[in-house]
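The next block holds one structure in the form of structure tokens; read it before the comments.
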Amino acid sequence: MRFKAVDVNVDRVLSRLGHLAGIGATSAGGVTRHTFSPEHLRATQDVAVWMTEAGLEVSFDQYGNLLANRAGSDPAAGLVLSGSHLDSVPNGGNYDGVLGVLAPLEALTLFQENNLATRRPLGLVSFIEEEGARFHGLLGSTLAVGQLSANEIADIRDADGIRYLDALASCKFALPSRPMDWAGGLHAFLELHIEQGKRLEAAGIPTGVVTSIAGPTFLQVRFTGQADHAGATEWGDRRDSLLAAAQVIVALRDMAMHEFEGRAHVTVGALNVKPNVTNVIAGETIFNIDFRAADADTRAGVLQRIEDIFAESATSQGVAYDTRELHYAPPVETTAHLRNALVQGATAAGVDCMPLVSWAAHDAMNMAQVTDSGMLFVPCRDGRSHTPEEFVAPEDIASGIAALANALLELAEQA
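Positions 161 to 575 (our numbering) are the ones given, in order, by the sequence shown.
The structure is reproduced here in structure tokens:
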């Protein structure tokens, strides 16, 4: 059996989206649900109730991630897992992450209602702390795949100094806690997510199969010139660090747009000028760069061009510069057979799909370290996300869930 969009109980999904939108609702129409807050715990418990009502075996893992399991006929077969997150940014949208939890829940519910047996077990996960609004971005999946040592985990604290481990211990879950073998028990992981961009909407296509998840690199750059009188210093005598930075900012955008179109995004989002006085030439300018590359070769090429641009600007303005890397996550290519399963799932559902790079980070990046990993996007209106204006059309929700359900069924029958 394969599912069409019309087979999805979209009213049930919309009702659940509306219910969760009321938990942590803000006056602006958004939602605030930080990890382990009362709002996050209530949303998690309510989703757990829906999982139980669907006949799934529900528990929490050792990190606070919510899990549900539907048994397969072969108990030794690896688990086919799907999910996302329920936490939000402050005053965030009502679809980011949440739809990626409710979509596989609806898929597994359809399997139950249609008495569809599978060889492999099927699972659903709601990861904690994807957004990083309290502790650490992608924390739930980072912990799951074993990226952090015990000492590093013990050091995780929020802005108020509360340790993650203490916050976890204070949670009174009404369900059993069972350690999960994340490294050895999985066959595949799929994540449905809103696109957080305009490409699907512009193309009029309801689903996008993610080819890779761009790896973010954060750089801090310091240009050091000389602070002098803004009026009395002649043009040839100026060593203007801010002008050098401004040249770099424009050059970086042009480089990404024209030399690496569709393969890299570069943004400068933070700038600190010293002495930051109207009538004084900037002696020091520090700025942060966020650049994301779709693959390792592109990243290497972008890094080399960034270095060239720094050197050219520094020479032209007579300033010195230094850089340091603040963060790096490698780009992740999704697994080919999962991309194929999603394309075939969309085709069976009767909906179009297109390949896309994900420019935002997702839990699927981490899951790729322990299993085959894939992603399916659905369009969001005007590309808006992390805002109360975030919206996904019901027909696109149904299309995405049907495609996901078909892909999960195919994977659950694989050898």
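Glycine included, every Cβ here is placed at the ideal spot set by N, Cα and C.
Between E355 and P539, the gap from beta carbon to beta carbon is short of 7 Å. Its Cα nearest to that of E550, the residue V191 stands out among F349, V173, V191 and H522. Per DSSP, E467 is not a residue of any beta strand (DSSP E); the alpha helix (DSSP H) it occupies stretches across A456 to Q477.
DSSP links P554 through a beta bridge to no other residue. T531 and F349 do touch by the CB rule: their CB atoms are close to 5 Å apart, below 8 Å. By the beta-carbon neighbour count (other beta carbons within 10 angstroms, threshold 16), M211 is buried.
CA-CA distance, N448 to G478, rounds to 21 Å. CA-CA distance, V433 to L412, rounds to 19 Å. The C-beta distance from E351 to G243 rounds to 7 Å, short enough to fall under 8 Å. Here the alpha carbons of T507 and I316 stand approximately 44 Å from one another.
Rounded to the nearest whole angstrom, the C-alpha separation of L431 and A474 is 17 Å. A straight line joining the alpha-carbon of D455 with that of A406 spans about 28 Å.
For the pair of segments examined, the stretch 225-239 was found to touch the stretch 272-284: the number of CB pairs separated by less than 8 Å reaches three. Under the DSSP assignment, L262 falls in the alpha helix (DSSP H) whose first and last residues are V258 to E273. The C-beta of D523 has 16 or more other C-beta atoms within 10 Å across all chains shown, which makes the residue buried.
Counting only unbroken stretches of 4 or more residues, the alpha helix (DSSP H) elements lying wholly within the stretch 391-439 are 401-414, in sequence order. Selection A208, G224, N225 and Y223 evaluated against E217 yields A208 as nearest (Cα-Cα). In the three-state scheme derived from DSSP, where H, G and I count as helix and E and B as strand, M161 is classed as coil. When DSSP states are grouped into helix, strand and coil, Y324 belongs to the helix group. Taking C-beta atoms under 8 Å as the contact rule, G182 and L227 fail to qualify, at a distance of about 24 Å. The C-beta distance from S372 to V517 rounds to 5 Å, short enough to fall under 8 Å. In this chain, the beta strand (DSSP E) harbouring Q380 covers G375 to T384.
Put simply, of P490, M535, G345 and E472 the residue whose alpha carbon is nearest the alpha carbon of D457 is P490. For the beta strand (DSSP E) assignment, the uninterrupted runs of no fewer than 3 residues enclosed by the stretch 340-378 are, from N- to C-terminal side, 346-354 and 367-373. Per DSSP, the continuous beta strand (DSSP E) segment holding N229 begins and ends at L226 to R230.
Partner residues in a beta bridge of P235, as assigned by DSSP, do not exist. Measuring C-alpha to C-alpha distances from V168 to each of S559, L569, E573 and A572 identifies S559 as the nearest. In this structure, DSSP gives T531 a state outside helix and strand, which the three-state scheme calls coil.
Per DSSP, reduced to three states, the secondary structure at I449 is strand.
Closest option to L180, judged by alpha-carbon separation, among A520, G253, A165 and R459: G253. The Cβ neighbour count for H296, taken over all protein chains shown within 10 Å, is at least 16; the residue is labelled buried. If you draw a straight line from the Cα of G396 to the Cα of S476, it is about 11 Å long. Apart from the 5 residues on each side of it in sequence, G224 sits with its Cβ closer than 6 Å to the Cβ of I288 and L328 in its chain, given in chain order. Annotation: the stretch 490-536 contains the following complete segments of the alpha helix (DSSP H) (minimum length 4 residues), in chain order: 496-509 and 523-527.
The shortest CA-to-CA distance from Q272 to any of T195, G238 and N229 is the one to N229.
Checking the DSSP bridge columns, you'll see T483 partnered with V381.
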